[in-house]
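For the record, in the sequence shown the residue sitting at position 153 is 152 according to the working numbering, with numbers rising by one throughout.
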Amino acid sequence: MGRGLPKQAPLPGVKRIVAVASGKGGVGKSTTAVNLALAIAANDPKVSVGLLDADIHGPSIPMLMNLSGNPEVTKDNLLRPLVNYGIACMSMGFLIGDSQPVIWRGLMVMSALEKMLKQVSWGPLDYLLVDLPPGTGDVHLSLCQHVPLSGAVIVSTPQDLALIDARRAAEMFRKVGVPVIGMVVNMSGFQCPNCHHQTHIFGESETAKQLGLDVLGEIPLHISIRESSDRGKPIVLLLPGGAEALAYVHTASKVVKCLERMASS
Ligand code: ADP
């Protein structure tokens, strides 16, 4: 529950809601959200996971999860999430056409988010991951106001320009009393496929630690992550034993452990 916010009602049947946020766009937040959702589910087959694409203007989840079509309406007049790879998903992309721009702002955007939270038959879910748009705008505050968040995961690449905005995102969550679980450092290193030399194109993860955030995991910059995303078969599923998938699997188990520790303290 947000310290600075009135008590929010939980979503029926949803145990934990976790925001996945970034300061800047293009740092790999949606890719991380999708692979974390799949890795949390892969780490424990008893666990059920959902994914809410809260990027109203630029929904990515339909493509990343290879999902399309319109959600059915249940007899209780709720939208039924679309499911692929065992993950229940909801996205603005399912409610509008592929190429249609969403030209809403302000209240309309917030009301779309509220609908995708509260008028969807989410439960039962152990974890609902919310892939937020970049920045710290209306959608972020609206999410914090509408539902109790168990925590926020910040995704950033390790260069100063992205980290400055990541710090802002983390501060926003702290201000509204949402615990920041830590940071996933994406594109943390690149290994040349020919000579195997390791280059830190975007800098070292040390800088992330200086922000006072726990580093939950470091995901390498690798063509297989981009290719698998474009194919709609995330790397955690496509090459499950590979180094890139394992980076997500380890990050996911750290996220879950942190959430459990926070819940019991
Ligand atoms: P955001 O949600 O922050 O805007 P995306 O998840 O859409 O970013 O990723 C932006 C682009 O970077 C996509 O083409 C994605 O496939 C690619 N990408 C993300 N993470 C990695 C990575 N670790 N290695 C290679 N490509 C990546």
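For every residue, glycine included, the Cβ atom is placed at its ideal position computed from N, Cα and C.
This one's a predicted model, so the numbers in the text were calculated from it and none came from an experiment.
Any non-hydrogen atom of ligand 1 within 7 Å of residue i CB
i, result
"Ile224", "yes"
"Val152", "no"
"Val26", "yes"
"His199", "no"
"Ser155", "no"
"Asn83", "no"
"Met64", "no"
"Leu220", "yes"
"Ser67", "no"
"Thr30", "yes"
"Pro185", "Note that residue 185 is Asn in the sequence shown, not Pro. At least one heavy atom of ligand 1 is nearer than 7 Å to the Cβ of Asn185, so yes."
"Ser141", "no"
"Ser90", "no"
"Pro133", "yes"
"Ser59", "yes"
"Ser120", "no"
"Ser47", "no"
"Ser264", "no"
"Ser252", "no"
"Ser21", "yes"
8 Å contact criterion, which residue i and residue j should meet: CB distance rounded
i, j, result
"Ala20", "Lys28", "7 Å"
"Gly92", "Asp52", "7 Å"
"Val175", "Leu4", "6 Å"
"Ser227", "Ile218", "Not a contact, Cβ separation roughly 13 Å."
"Leu124", "Lys14", "7 Å"
"Ala36", "Ile86", "5 Å"
Inter-residue spacing [alpha-carbon to alpha-carbon] between residue i and residue j
i, j, result
"Gly122", "Val184", "30 Å"
"Met107", "His195", "49 Å"
"Val179", "Ser252", "16 Å"
"Glu243", "Pro157", "17 Å"
"Val255", "Gly12", "18 Å"
"Asp229", "Leu237", "12 Å"
"Phe172", "Leu131", "12 Å"
"Gly202", "Leu148", "31 Å"
"Val119", "Leu127", "12 Å"
"Ala168", "Ile60", "21 Å"
"Met261", "Leu63", "30 Å"
"Thr30", "Lys74", "33 Å"
"Ala246", "Asn34", "10 Å"
"Cys257", "Glu71", "35 Å"
"Leu10", "Val177", "16 Å"
"Pro133", "Phe189", "24 Å"
"Leu140", "Asn193", "46 Å"
"Thr135", "Gly22", "7 Å"
"Leu215", "Glu170", "17 Å"
"Ser263", "Ser67", "39 Å"
"Gln144", "His56", "20 Å"
"Thr250", "Asn76", "37 Å"
"Ile200", "Ile153", "20 Å"
Environment of residue i [buried if 16+ CB atoms lie within 10 Å]
i, result
"Asp164", "buried"
"Cys324", "There is simply no residue 324 to check, as the chain begins at 0 and stops at 264 in what is shown."
"Asp54", "buried"
"Cys191", "exposed"
"Ile16", "buried"
"Asn69", "exposed"
"Gly211", "exposed"
"Ala8", "exposed"
"Ser90", "buried"
"Thr198", "exposed"
"Pro58", "buried"
"Val146", "buried"
Any non-hydrogen atom of ligand 2 closer than 7 Å to residue i Cβ
i, result
"Ser228", "Summarising the ligand content, the structure contains ligand 1 and does not contain ligand 2."
Sequence ranges, alpha helix (DSSP H) only - wholly within the segment 38 to 108, length at least 4: 60 to 63 and 91 to 94
My parser needs the beta strand (DSSP E) runs of 3 or more residues fully inside the segment 122 to 155; what are they? 124 to 130 and 150 to 155
Could you tell me which uninterrupted beta strand (DSSP E) segments, each at least 3 residues in length, are contained entirely in the segment 160 to 207, listed from first to last along the chain? 179 to 185
Restricting to runs no shorter than 3 residues, where is the beta strand (DSSP E) found entirely within the segment 11 to 41? 13 to 20
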